[in-house]
Each structure stands twice: as C-alpha cells, then as structure tokens.
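J.: Below is one structure. I have some questions about it.
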Amino acid sequence: MCKRKNETHKRKHCYYFANRIKKGVDNLEELAKLPFVDVLYIGPNDLAISLGYVGEPDHPEVKKKVEKIIEVAKKNKLALGYYSTDVTVLKYWKEKGVDFLFCGTEISLLMDAGKKFINSI
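Heads up, the sequence shown is in my numbering, so the first residue is 14 and it goes up one at a time.
Structure below.
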C-alpha cells in the first residue's frame, strides 16, 4: 500500500517521478502537485550530466538542485529516493531527509559480489 506522508487513505500502487534532468527539476513544483506522484527519486549522475557536469554528481550546482528537490518533496509531503554506490554520500543525504537509499543496481551488486568471491580464492 502507498500513500503520501500524512495522507489518510492508502492506494494499491506507488508512483515516483525520477528527477534525472534539469527540465524535470525546473518544473518540479507543478509535477510534485500531481495527485498520483508519491516519491521523488533523485538520479544524481544523470542530473549532473543534464546540468553539464559529467561525472560530477557532487558538484555544488548539482547539490543545489538536489536540495531544491528535497525542499519541494517535504513541502508536498512526498517521499524521497536517492541513488549512489558511495556509503558516505548516502549517509550525507539521509541526514538531509532522504527516505529511500538505493545503493546499486542488480548488475553492480552482482559484480561486486563476484569480485569479492574471485579475490577470496
């Protein structure tokens, strides 16, 4: 079941909006008000590329956009998701109020496990 924070009724499905491009962040105020959006998901690498900072998800301009996403999510009682493979980065954004932390893709997690296994032999 899914619901916006402090919402009294529950729905069968959750819907999230992935904030991966500048245009999405620029129009976030309107998007966050859509009744079917439950989660704002932050893709920092794609967002950095969209802003012209390839490979720099920690660039100050990218962080500024992420902080805007967090502000809009809190204002609209939406949950927040953030992706990173760096534990320190995830801890930082958790302290800033992010609800869901995505630590890798299926492939990256399998590759890491495979590398650890091979290195242990």
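Where is the CB? At the ideal position from N, CA and C, for every residue including glycine.
Kindly indicate the opening and closing residues of the beta strand (DSSP E) around F49.
T.: Element bounds for F49: n/a, residue is neither H nor E.
J.: Between D125 and the rest of its own chain, which residues show a CB-CB distance below 8 Å, the 5 nearest in sequence each way excluded?
T.: For D125, where only same-chain residues beyond five positions count, the Cβ hits under 8 Å are G117.
J.: If I measure Cβ to Cβ from L41 and keep anything under 6 Å in the same chain, skipping five residues before and after, which residues do I get?
T.: Cβ neighbours of L41 beyond the five flanking positions: V85.
J.: When the Cα of G56 is compared with those of I131, F49 and L64, which residue comes out closest?
T.: It is L64 whose Cα lies nearest to the Cα of G56.
J.: Measure from the alpha carbon of E108 to the alpha carbon of each residue in I120, G94, E119 and S121, then state which is nearest.
T.: Cα-wise, what sits closest to E108 is G94.
J.: Measuring only the C-alpha atoms, how far is V50 from I134?
T.: Near 47 Å, if we compare the C-alpha coordinates of I134 and V50.
J.: Among G110, K46, S97 and K35, which one has its Cα closest to the Cα of I83?
T.: That would be G110, whose Cα lies nearest to the Cα of I83.
J.: Just checking my contact of L91 with L53 at CB under 8 Å: how many whole Å lie between their CB atoms?
T.: With 8 Å as the limit, L91 and L53 qualify as a contact, their Cβ atoms being about 5 Å apart.
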